[in-house]
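Reviewing the structure listed below.
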Amino acid sequence: MSSTAIVSTTSASARRRRPDLTPYLLVAPAVALIVLIYGYPIVRIFIDSFLSPTKTGAKTVGVANYGFAVNDPVFWKSAGNNVFLLAGVPLMTVLALLFAVVLFDQIRGWRVYRTLVFTPYIMAVPVIGATFVYLYGFNGIVNTLLRDIGLGGVAQDWLGNPTLVMPSILSVVIYRELGFGVMLFLARMASIRLELYEAAEIDGAGWWARLRYVTIPQLRSVIGFFVVIELITMLSWVFAYVYSMTGGGPGFASSVLELYIWKNAFAYRAIGIASAVAVLLLVATSVLIVVQLLVRGGESETGEE
Amino acid sequence: MRTTMVRFGGLLAAASIVLSACGSAASTPAPTPAATTAATAPTDSASTAAVPTNAEPVELTYWYWAESDAPGADKWMADSVAAYQKDHPNVTIKVVPQATDTLQSAFQTAAASKSGPDIASQWATGPVLGFVWSDAISPISDLVPADEIKHWLNTSENTYQGKLWAMPMYLLGIGMAYNKELFVKAGVTPPTGDRWTWDEFLAASAKLKAAGITPFVGGDKNGYLGAWWFANLGGQQLDSEADLVKAVVGEASFTDPKYSGWYTELEKLVKAGYINNDVMSLDLDQGVRQFYQGKGAMAFTSDGMLASAIKELGADKVGVMRPPKWGTGTLADAGNATQSISFFVTKWSQHQQAAADFLQYLHTPERLTEWYKATGVVAADDRFDSTLVTVPQLQQMAKFETTGQQTWLENWIPSQLDGDGDLPAGQLIFSGSGTAADAGQLWERVAGTWRAAHPDELANWQGLLK
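Listed in order, the protein sequences are those of chains A and B. In this text, residue positions in the first sequence follow my numbering: the first is 860, and each later residue adds one. In this text, residue positions in the second sequence follow my numbering: the first is 42, and each later residue adds one.
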C-alpha cells in the first residue's frame, strides 16, 4: 500500500469517525425550544412534587406530598370518578360508529344531521356546561318535559344527586365528544375502496355483514386513535365540564383529578401536593398510551390495518 | 399514532406549564423586596390636598374586587380614581378588576414573586392574615394616621399583633327576609323583637308548609347556602372566634356537637321539607331570586338582595329580621356583619405612602356618600351619613350590621377548610347524602389534612390563640 493510499484511507476513516454535525446544528434550536416548552414544565413539576413551599423558600419533603395525596379520600374519590368516565369511552365509541354508519348511508337529511351532531364539538365547554345546568336542574327543562308527559316520577335532581351526578356529567361529555368521533369515522369511511363493498355484495353480504366485515376492519386504526384521544380526555381534559356544571359537588361526588390538582395548586397553596398528583396523572396517562402503542404495534406486525 | 403522541404531549405540556408556572413561583426563594420604600410617618389629610403638577410621577396598580358584593362598585372606583387623579395630576392609578375565583390564587402568585400591584384586595381575616404571614402586606396602620383609622368599622377583623393590616370599605351582613303576604296567608306572625328563637322559626316553618308555602328558599349548588347557615348557626355554641380557631389548630374537634351540632338542626329543616326541593340545582343567588318571585316565605339576604326583593315584590310585602337564635354561646347574640373584602398596600410597592393616601381618600365623606349612592351598601366608616338610607328595611339591616359584636365565622378558618369542609358539608345535608355526624367528620378530616400539609400555616394560626 502506497503512502498516498494510506493517507487517503486515513482521511476517509476520519470522515467516517467525524459525522457531519450540520443537520444536528440546524435542528438544535427547534429541539431546544421543544425541550424548553415541553420538557422543562414536566421536569419542574416532578421536582416540585418533592418540595413544600415555606415563607423563606421551598424545602424538600421527600415523598410526603404523594403520601398526603394517597391518604386523602378526596383524591381517591376524584380518581374513581375519572375511572368512571373512562368506562364511558366504549359507549361513546359505539355511538359514534352507529351515527357515522347511518350518516354514511346518506339517509334523508343526512347533511343536517351531520351538522347537528358535529356542532356541539365546536362549542366551548363552559357554554355547554351552563346549558346543561339549566337542562338538568330539578326544575329544569328535562324534568319539566318528563312531568308534562306524565313521567314525573322519573324526574330527578340530575346534578344535585350524588348518585346521578357522574352519569349526568358523562352524558354531557359524550354529547360533545361524539361529533369528533363521527367526523373521524365518516372521513375514513369516505376513503374505503368501493370495490370492497362491491365484492361483499357479490358474495351476498347484507348491511350488517358489510359493517362487520368491511367497514369496522377498515376503521380499526381510526377507532384506535379516537379511543386513545377520548381516554386522555376522560383522564385529563374534563375539568371544564365539572367546574362549569357542579364545581365537584355535591360534596365531592363529581370531583375529578384535574379539579383536585387545581384546588390544591391555586386555592390551597399546596403546590407540592398538586404537583405530586399531576405526576401521578401523567404516569397513568402514559401507561394508557404505552398499552395502546403496544396493542397497535402487535396489530401492525400481524398485518392488520 | 405520531399525531396521537403529539396531541398527548401537547395536553401534558399545557397542564404542566400552568402548574410549573405556579410551582416555580411558589418554590423559588423569596427575593428581597426590591427598593421597598420604608413606611414613612403617616400624614394627616395627605389624600385630600391637591398637589403641584410638577411633583414626582407616581403610578399605582390596584387589584380591585368589590363588584360581586356590591354591584356599582366598579363604576364608583372609576369615578374615584378620576377625581383623585384630577386633584393629584402626578398620580396615575391603574385599576385591574379581579375575578372571584382567582382572587386568592392571583395574589398568591404575586406574593410568591414579590411583585405585582401596589394595592390589592383580599377577604378579611384568614385570607388577609395568610398574606401577612407570607410577608406580602405592609400594615396600613403604619401609613395612615390613627385619628383616621379610628373612624373605620370592623377593624378587629384585620388587626394582628397590634397593627391594622388592611382597610375596610363596606359592611355586609346577612339578614333573613320574609314575605309579609305569605306570612299572613299562613297565619305566621313576625317576631316581636328583631329575631325568632329556633323553636319559633320551626313552628313558623311548619305553619307555612301546612299552608302549601315553601318556608325557606335558597340554592346550594355552589355550597354557599351551607356556608351562610354556618355563618349564622355555626358559631352559636361558641363564646369567641378563638373557640373556632381551637378546632382549626387541633385543640378541639369539629365532631364535638359544640361545633357541628347545628347540622342536626339543618338536617331537620331539609327532612321536614322546609327548604325548596331544587336547592341543589341552584346557586345561592339563584335561590334567593326565588324569594323575589314570591316562591318562598323566607330567605337569607344581604343588603343588595334585600333592595332587589323590595324592588321586585314591593316595599309593603318585604320584612327583615335577624336569623334565629339557636345556641347558648356568647356568639349566639353576635351579629354577622363583615367588611368582606379588605384593601391593603403591598410590601413590595415602591409608593406605599401614595397608595395609602389613595385608600384614605376613599374614606372621605364625599366618597362614602357616593359609594352608597352607587351600591346601596353601607360604608364601614362612622362618618357615613346614615340618613342616606331611607328605606326602613334597609335601615333595619344597617342597624343589625352596626350594633353590638359582629363576627363572620368563615373569616376564621383557612380557605382549604372552607372549600373542602364548610361548603361540601352543607351540600351533604342539603342533598340528603350525609348526616350531621358525617358533616362534623368531614370538617375534622379536612382540618387534619390541612394541619399536616401546612405546618407553617398551622403555626401562624396557633399564634392567633396567644
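The beta-carbon is built from N, C-alpha and C at its ideal position, and this holds for glycine as well.
Distance from the CA atom of residue 300/B to the CA atom of residue 496/B, rounded to whole angstroms, is 23 Å. For the C-beta of residue 997/A, the chain B residues within less than 8 Å are, from N- to C-terminus, 318, 319, 321 and 322.
In this structure, the straight-line span from the alpha carbon of residue 129/B to that of residue 266/B is close to 44 Å. Rounded to the nearest whole angstrom, the CA to CA distance from residue 460/B to residue 1117/A is 16 Å. Taking the CA atoms as reference points, residue 439/B sits about 34 Å from residue 297/B. With contacts defined by Cβ atoms closer than 8 Å, residue 158/B and residue 103/B form a contacting pair. Identification of chain B residues near residue 1006/A by a Cβ-Cβ cut-off of 9 Å yields none; the smallest Cβ-Cβ distance measures about 13 Å.
Put simply, the CB of residue 1106/A is near chain B, with a gap under 8 Å to one of its CB atoms.
Taking 8 Å as the cut-off, the Cβ atoms of residue 268/B and residue 142/B do not count as close. Judged by DSSP in its simplified three-state form, residue 912/A adopts strand. Residue 381/B holds the alpha-carbon nearest to the alpha-carbon of residue 109/B among 334/B, 136/B and 381/B.
For residue 108/B, the three-state secondary structure derived from DSSP is coil. In this structure, residue 1055/A lies near residue 1073/A, with their beta-carbon atoms less than 8 Å apart. Closest in C-alpha terms to residue 910/A, from the list 1134/A, 887/A, 1138/A and 879/A, comes 1134/A.
Taking C-beta atoms under 8 Å as the contact rule, residue 1084/A and residue 955/A fail to qualify, at a distance of about 12 Å. Residue 974/A counts as exposed, since fewer than 16 other C-beta atoms from the protein chains shown sit within 10 angstroms of its C-beta. Residue 935/A and residue 312/B have their alpha carbons spaced roughly 30 Å apart.
Residue 1017/A holds the alpha-carbon nearest to the alpha-carbon of residue 992/A among 1017/A, 1008/A and 1004/A. According to the DSSP assignment, residue 366/B belongs to the beta strand (DSSP E) that extends over 359-366.
Under the Cβ criterion (8 Å, minimum of three pairs), the stretch 991-1008 of chain A does not count as touching the stretch 1059-1077 of chain A.
Here the stretch 336-345 of chain B makes no contact with the stretch 187-204 of chain B; the two share fewer than three CB pairs at distances below 8 Å. For residue 946/A, the number of other beta carbons within 10 angstroms of its own is below 16, and it is reported as exposed.
Looking at the DSSP output, residue 924/A sits in no beta bridge, so it has no partner there. A direct Cα-to-Cα measurement between residue 961/A and residue 217/B gives close to 57 Å. Against chain A, the beta carbon of residue 475/B has neighbours under 8 Å at 1110, listed in chain order. In terms of beta-carbon proximity, residue 262/B lines the interface with chain A, with at least one pair separated by less than 8 Å.
Listed in chain order, the alpha helix (DSSP H) elements of length 4 or more contained wholly in the stretch 197-275 of chain B are 221-227, 239-251 and 265-274. With contacts defined by Cβ atoms closer than 8 Å, residue 144/B and residue 162/B form a contacting pair. One thing to note: residue 471/B has its Cβ within 8 Å of the Cβ of residue 321/B. Close to residue 469/B, with beta-carbon spacing below 8 Å, are these residues of chain A in chain order: 1109 and 1110.
At least 8 Å separates the CB of residue 313/B from every CB of chain A. The C-beta of residue 145/B comes closer than 8 Å to at least one C-beta of chain A. Nearest CB-CB separation between residue 472/B and chain A: below the 8 Å threshold. Three or more Cβ pairs drawn from the stretch 1090-1107 of chain A and the stretch 980-988 of chain A lie within less than 8 Å of each other, which places the two stretches in contact. Within its own chain, the residues whose Cβ lies closer than 8 Å to the Cβ of residue 347/B, once the five positions on either side in sequence are excluded, are 216, 218, 359, 361, 434, 435 and 438, listed in chain order. In this model, residue 1052/A and residue 1077/A are separated by some 10 Å (Cα to Cα).
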